[in-house]
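Down below is the structure, laid out as structure tokens.
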């Protein structure tokens, strides 16, 4: 059975919904804060994401501001990343310094990665995952 890992930010509704969905469906998962991601882990995840690290970042400042209204210094980094002028390594370096730029939740077993909340994708991904036994008391 694969070990699944969930990366997220406490208080992010998408993360909380994903965490509850995984628990309710008996899928064992290790919870990690997005703020503990290292450059190496970001690179490992980005290698699994179509489009790489750029597609792990909020698509625009407006979307980022909805989830992170208190974070203003990161706004310029989103525009730089989404402009397409940065290399994969430069994006990973920025994400290492500013992990709040990463869209959450991220669910992975390091063979597959899901970035953001999408119920249909989660259902199709976990359709054949062996879940832990749940015994009714």
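In my numbering, the protein residues as written are 218 to 354. Quick reminder that beta carbons are idealized off the backbone N, C-alpha and C, glycines included.
In the structure shown, what three-state DSSP assignment does residue i receive?
| i | result |
| --- | --- |
| residue 308 | helix |
| residue 353 | Below a pLDDT of 50, predicted positions are generally treated as unreliable, and residue 353, at 48, falls in that range; the measurement from the model is reported next regardless. In this structure, residue 353 counts as coil in the three-state DSSP scheme. |
| residue 325 | strand |
| residue 292 | helix |
| residue 315 | coil |
| residue 250 | strand |
| residue 331 | strand |
| residue 278 | helix |
| residue 272 | helix |
| residue 237 | helix |
| residue 230 | helix |
| residue 255 | coil |
| residue 264 | coil |
Enumerate in chain order the residues of its own chain whose CB-to-CB distance from residue i is below 6 Å, with the five nearest sequence positions on each side excluded.
| i | result |
| --- | --- |
| residue 248 | 223 |
Going by DSSP, which residues form a beta bridge with residue i?
| i | result |
| --- | --- |
| residue 223 | 248 and 324 |
Am I right that residue i and residue j are in contact with their C-beta atoms under 8 Å? What's the rounded C-beta distance?
| i | j | result |
| --- | --- | --- |
| residue 259 | residue 309 | 5 Å |
| residue 318 | residue 291 | 6 Å |
| residue 407 | residue 225 | Given a span of 218 to 354 for the chain in the structure shown, any question on residue 407 remains unanswerable. |
| residue 329 | residue 262 | That pair is no contact at about 11 Å. |
Starting from the C-beta of residue i, find all residues in its chain whose C-beta is less than 8 Å away, skip the five residues before and the five after it, and write them out in chain order.
| i | result |
| --- | --- |
| residue 320 | 273, 274, 275, 332 and 333 |
| residue 301 | 271 |
So, at 7 Å on beta carbons, what are the nonlocal neighbours of residue i in its own chain, with the 5 sequence-adjacent residues on each side left out?
| i | result |
| --- | --- |
| residue 267 | none |
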